[in-house]
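A.B. asks:
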Amino acid sequence: MKKIGIIDIGSNSVRLVLVKLGSSGSFKIFSDVKESVRLGMGMDENLELTSDKIESAIKTLKMFKTMCDATYVDEIIAVATAAVRKAKNRDYFISRVKKEINIDIRVLTGQEEAFFAYWGVINSIDIDKGLIMDIGGGSTELILVEDRKITNSISLPFGSINLTQNFDLSNIIRDENIKALETFLIDNYKKIPWLSKVKNYPLIGVGGTIRNIGNIVRKLDNYPLDITHNFIMKKSDLNNVYRLVKERNLVDRRKIKGLAKDRADIFVGVSGAVWKLLEYCKLGDVIVSGSGIREGIIYNYIHNNPEPVKDVLDFSINNIINKYELDIEHANYIYRLTKSLYEQILGKENFSLNIYKLIRTAAMLHDSGINIRFYNHTQHSFYMILNAGINGLTHKQLLMSAFIAASHRSKKHKINWVKYRAIIDREDVETIKKLGVLLRIAESFDICFNRKIKNIKCFVDKDNVLIKLISDIKPRVEINHALSASAQFKKIFNKTLSIV
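For the sequence shown, the working numbering begins at 652 and goes up steadily by one.
As structure tokens, this is what we get:
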């Protein structure tokens, strides 16, 4: 299994991601280390990296190289963004890194930085259109996506560090500085011709600033899932966070739950940048992306195709199946049976995209909990699905899929909808119960893992559901196992279940 190390040398932090590459384009991140070097801080009017920041960066890169060597990494991909890109002494920095550490640094253009941010988002979030905002320490990339393709992009020369320095926003926030900041931001947004035409699109945020805003919102709302990727915030949430941070000094900002202490001094300016963009463009919801440049580089490395993946969810599920060596033939078989049961009992016309995603995820990953322990693996599957990093699902779909998968052997896994009522409602619970019992029946039909049942036909009337199994061999064991769900089926569908 090949291993690669990706080093992202940003204006604020330097980060290393270690990745194992598997078969069929699968990958697994096995380490993620960040050092707050702030390479872009203190750049003088000559736009030169300061000697102390260069030394700090080199010290960090030496540590990262040691980690790569210790974990037998086959290849290191190092990229640098705004601070190095703008620095007049960048060649000196790059040559020292090559000479002292033997790492080649690729300095990304603003356009390349925007592409990798887009590539990380588009291959991990199921969206057709939106405005991507990638905020770093020294630059901000805006990428307009329509029909899953980039139609416009721009790299703006401001980020968390230089906004903080230029408007004196690190500690006590003065009204006149905020007014100057907001005027500056709007003036810069107005200079982008295509930006004024972007209305009511979702904003997809990339980078530590957006992740921290999401963390704060989740803490304020007592959100029941600690999951960053694809967390959706309302426009009012962004306004609340901006008001919260600009009204506090540095000491008090560091007390805000969800805000990283090492980011509190450079957070106000970029929070304002996000809010003013939402205001200026009259954008809708804000989606937090846990995938950005580094993930974009990974997808670019493994996905040898100029087009993004067609089905984000399926790509992600197959990645997880390969990582955990699940039985893909059994999983696909259970998916087909569950889908067939749903369409025949509840009607093909009700098989929506949402139902597809729920059944697909739950059926394909219902046995994932075996990687923790076979016994009680249905409950482990619940945990695995919630935490495996599945892309292409909203948090509601993710939680519902986990509950459905946990139902595939019995009804023991209780649905604590009160705990999760910020995400799911009673109607969602009913959907979970229906799909859960259908998955349980489908799983029973392959209890011997030999896929002897060739097809199923369902006959539905007012009071009964008869399932006829088509098989060369009498599936007695399978029928007995499936009928153990008859009481549950009766309670949920108010129909008597028979299987022949």
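Idealized CB from N, CA, C, for every residue including glycine.
If distances are taken between C-alpha atoms only, which option among Phe1096, Ile709, Gly941, Val902 comes closest to Ile917?
C.D. replies: The candidate whose alpha carbon is nearest that of Ile917 is Val902.
A.B. asks: Could you tell me whether the Cβ atoms of Tyr1007 and Asn774 are closer together than 7 Å?
C.D. replies: Going by C-beta atoms, Tyr1007 is not nearer than 7 Å to Asn774.
A.B. asks: CA-CA distance, Pro1126 and Val892?
C.D. replies: Each residue's Cα considered, the two are about 59 Å apart.
A.B. asks: What is the residue span of the beta strand (DSSP E) that Gly656 lies within?
C.D. replies: Residues 653-660.
A.B. asks: From Ile1083 to Cys1099, what distance separates their C-alpha atoms?
C.D. replies: Whole-angstrom Cα-Cα distance: 25 Å.
A.B. asks: Helix or strand or just coil, what does DSSP make of Glu958?
C.D. replies: Glu958 falls in the coil class under three-state DSSP.
A.B. asks: Can you have a look at Leu1004 and say buried or exposed, based on whether 16 or more other CB atoms are within 10 angstroms of its CB?
C.D. replies: Leu1004 is exposed by the Cβ-count criterion.
A.B. asks: Quick one: what's Ile917 bridged to in DSSP?
C.D. replies: For Ile917, which the question treats as bridged, DSSP gives no partner whatsoever.
A.B. asks: Mapping DSSP to helix, strand and coil, what is Asn983?
C.D. replies: Asn983 falls in the helix class under three-state DSSP.
A.B. asks: Give a yes or no on whether the C-beta atoms belonging to Ala982 and Ala1013 are separated by under 7 Å.
C.D. replies: The answer is no: Cβ separation not under 7 Å.
A.B. asks: Excluding the five sequence neighbours on either side, which residues of its own chain have a C-beta within less than 6 Å of the C-beta of Asn900, listed in chain order?
C.D. replies: The answer, listed in chain order, is Asn822, Ile823.
A.B. asks: Beta strand (DSSP E) containing Leu854: first to last residue?
C.D. replies: First-last of the beta strand (DSSP E) with Leu854: 854-857.
A.B. asks: By the 10 Å Cβ neighbour count, where 16 or more other Cβ atoms means buried, how is Asn663 classified, buried or exposed?
C.D. replies: With 16 or more Cβ atoms within 10 Å of its Cβ, Asn663 is classed as buried.
A.B. asks: State buried or exposed for Ile1121, treating a residue as buried only when at least 16 other CB atoms are found within 10 Å of its CB.
C.D. replies: Exposed.
A.B. asks: Would you mind sorting Thr711 into buried or exposed? The rule is 16 or more other CB atoms within 10 Å of its CB.
C.D. replies: Counting Cβ neighbours within 10 Å, Thr711 comes out buried, since at least 16 surround it.
A.B. asks: Return the CA-CA distance between Met613 and Ile754, expressed in angstroms with no decimal places.
C.D. replies: A question about residue 613 goes unanswered here, because the residues of the chain that appear run from 652 up to 1151.
A.B. asks: Does Ile985 pass the burial test, meaning 16 or more other C-beta atoms within 10 Å, or should it be called exposed?
C.D. replies: Classification of Ile985: buried, given that the 10 Å Cβ count is 16 or more.
A.B. asks: Does any heavy atom of the ligand MN sit closer than 6 Å to the C-beta of Gly941?
C.D. replies: The ligand MN is absent from the structure shown, which contains no ligands of any kind.
A.B. asks: Using the Cβ count rule (16 or more neighbours within 10 Å means buried), how would you classify Ser674?
C.D. replies: Label assigned to Ser674: exposed.
A.B. asks: So, helix, strand or coil for Glu686, using DSSP?
C.D. replies: Looking at Glu686 - three-state DSSP - the assignment turns out to be strand.
A.B. asks: Applying the criterion that 16 or more other CB atoms from any shown protein chain within 10 Å of the CB defines a buried residue, is Val1069 buried or exposed?
C.D. replies: Looking at its Cβ environment, which holds fewer than 16 other Cβ atoms inside 10 Å, Val1069 is exposed.
A.B. asks: So the beta strand (DSSP E) Phe1144 belongs to, where does it begin and stop?
C.D. replies: Element bounds for Phe1144: not the beta strand (DSSP E) but the alpha helix (DSSP H), 1137-1144.
A.B. asks: So Gly781 packs on Tyr852, CB below 8 Å; how close in whole Å?
C.D. replies: Right, their Cβ atoms sit about 5 Å apart.
A.B. asks: Starting from Ser1052, trace the alpha helix (DSSP H) both ways and give me its first and last residue.
C.D. replies: Unbroken alpha helix (DSSP H) run through Ser1052: 1046-1056.
A.B. asks: Considering only the beta carbon of each residue, do Arg731 and Ile655 sit closer than 7 Å?
C.D. replies: Strictly speaking, residue 731 in this sequence is Ala, with Arg absent from that position. For Ala731 and Ile655, no; Cβs fall outside 7 Å.
A.B. asks: Go to Phe744, then tell me how far its alpha helix (DSSP H) extends in each direction, as first and last residue.
C.D. replies: It spans 741-752 - the alpha helix (DSSP H) in which Phe744 sits, taken as one unbroken run.
A.B. asks: Buried or exposed for Val1151, please, with buried defined as at least 16 other CB atoms from any protein chain shown within 10 angstroms of its CB.
C.D. replies: When all chains shown are included, Val1151 counts as exposed.
A.B. asks: Which first and last residues belong to the alpha helix (DSSP H) in which Phe766 is found?
C.D. replies: Here the alpha helix (DSSP H) through Phe766 covers 761-773.
A.B. asks: Considering only residues of the same chain and omitting the five flanking positions on each side of Gly920, which have a CB-CB separation below 7 Å?
C.D. replies: Ser811, Leu814, Thr815, Phe818, Leu820, Leu832.
A.B. asks: Thr1147 lies in the beta strand (DSSP E); which residues open and close that run?
C.D. replies: Its beta strand (DSSP E) spans residues 1147-1150.
A.B. asks: Looking at C-alpha atoms only, which residue of Asp872, Met714, Leu895 is the closest neighbour of Met1152?
C.D. replies: Because the chain here runs from 652 to 1151, residue 1152 falls outside it and cannot be looked at.
A.B. asks: In three-state terms, what does DSSP make of Arg1024?
C.D. replies: Reduced to three states, the DSSP call for Arg1024 is coil.
A.B. asks: For Glu706, count neighbouring Cβ atoms within 10 angstroms of its own Cβ and tell me buried if that reaches 16, exposed if not.
C.D. replies: It counts as exposed.
A.B. asks: Leaving out five residues on either side along the sequence, give the residues of the same chain with a beta carbon under 8 Å from the beta carbon of Phe1033.
C.D. replies: So the qualifying residues of the chain are Gly1020, Ala1053, Phe1054, Ala1056, Ala1057, His1064.
A.B. asks: Considering only residues of the same chain and omitting the five flanking positions on each side of Phe1140, which have a CB-CB separation below 6 Å?
C.D. replies: The answer, listed in chain order, is Val1088, Leu1148.
A.B. asks: Please confirm whether Leu964 and Gly859 have their CB atoms less than 7 Å apart.
C.D. replies: Going by C-beta atoms, Leu964 is not nearer than 7 Å to Gly859.
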